[in-house]
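Colleague:
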Amino acid sequence: MASVFESSLSSSLSSRQTIAATAPSMADSLPSINFGFDELRDRMSKFTAKFDAFIEQGRKRVLEERNQFRMNIAELQEDQRMKKKDMEILQHKTNTHQQMMSKEAAEAREMQAAIASLSTQRDKNKSTRDALKQQIAETQKEIDARLAAQRAHSQYLESQSRFNVPELDFWMQNLCLKIEGAGQTDRLKFVYTHIDEKNWEREAWFELNIGSKDYDVRHCRPKIERERIDRVLERVNETRDLAVLLKGMRELFVEAMKS
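Residue numbers (the numbering used here): -14 to 244.
1) Which of the three DSSP states, helix, strand or coil, is assigned to residue 167?
2) How long is the line joining the alpha carbons of residue 42 and residue 63, rounded to whole angstroms?
3) Return the first residue and the last residue of the beta strand (DSSP E) that residue 193 is part of.
4) Buried or exposed: where does residue 243 fall if 16 or more other Cβ atoms within 10 Å of its Cβ makes it buried?
5) If you check the beta carbons only, do residue 200 and residue 222 fall under 7 Å apart?
6) Does residue 202 pass the burial test, meaning 16 or more other C-beta atoms within 10 Å, or should it be called exposed?
7) Find out if the Cβ-Cβ distance for the pair residue 173, residue 180 is shorter than 7 Å.
8) Taking DSSP's pairing of strands, which residues face residue 205 in a bridge?
9) Going by the beta-carbon positions, is the gap between residue 192 and residue 228 smaller than 7 Å?
10) Kindly indicate which three-state DSSP category residue 160 falls into: helix, strand or coil?
11) Looking only at its own chain, which residues have a Cβ that is under 6 Å from the Cβ of residue 214, when we skip the five neighbours before and after it?
12) Among 188, 208, 209, 176, which one has its Cα closest to the Cα of residue 231?
13) Looking only at its own chain, which residues have a Cβ that is under 6 Å from the Cβ of residue 205, when we skip the five neighbours before and after it?
14) Roughly how many angstroms separate the alpha carbons of residue 171 and residue 159, rounded to a whole number?
15) Helix, strand or coil: which one does DSSP assign to residue 225?
16) Leaving out the 5 sequence neighbours to the left and right, which residues in its chain are closer than 8 Å to residue 239 when beta-carbon positions are compared?
17) Spatial neighbours of residue 161 within its chain, please: C-beta separation below 7 Å, excluding the five flanking residues on both sides.
18) What are the boundary residues of the beta strand (DSSP E) that includes residue 174?
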């Protein structure tokens, strides 16, 4: 049954193809229309060329602008780097200047302290100088007074020397006395003999200090109590009579020899 169907279908198809080949085409009956594809193709080609040129120019412009932008960025970065370096240099100079200012301020404070110390020392030295000037003036007055007293005493001794020499010779003969040097310019040594009744040659002596205003006995042989010597010296310094000293010391030596 299937074979019968297939044969009938193929026969119908072949008959249709034969009819279609013999029948006239409807497209052949339509009027011919010129759409201008060639002109359109030419215009499209020109447009494409212009568009490609526009795109190429745009691409070049974008590349140039990008390169210029990069160059501008590089210049800006270089400027920023230079400015940063300048700022670092300026900061270093500022720090150095501040350090110098601090150092100068410290030196100024030290100088002010030194000036104040020197001013204080100057005032102290001035006070000391004034005090020393006053002391010098007072000392000079005292020296002048002593020089005047010494000159007066020297004049007195000079006026009395012409009387003392004969008197001294008299006492040297009568008191068995001789005068010697004591090894110093301001001392005299008075030596007595005929003191001891058992030995007339035995000596007794004392050293008289004549360098000061008042007479003073420093050493003697034989030993005599200091109080007794001071009593004799007190009378001598009151009267300024050397004979009192010579007689008084001889009497003390005689008593000492007897004891």
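Beta carbons are placed, not taken as given, at the ideal position from N, Cα and C, and that holds for glycine.
This one's a predicted model, so the numbers in the text were calculated from it and none came from an experiment.
Modeller: The answer reads as follows:
1) coil
2) 31 Å
3) 189 to 194
4) exposed
5) yes
6) buried
7) no
8) 191
9) no
10) coil
11) 202
12) 176
13) 191
14) 26 Å
15) coil
16) 180
17) 177, 178, 179
18) 172 to 177
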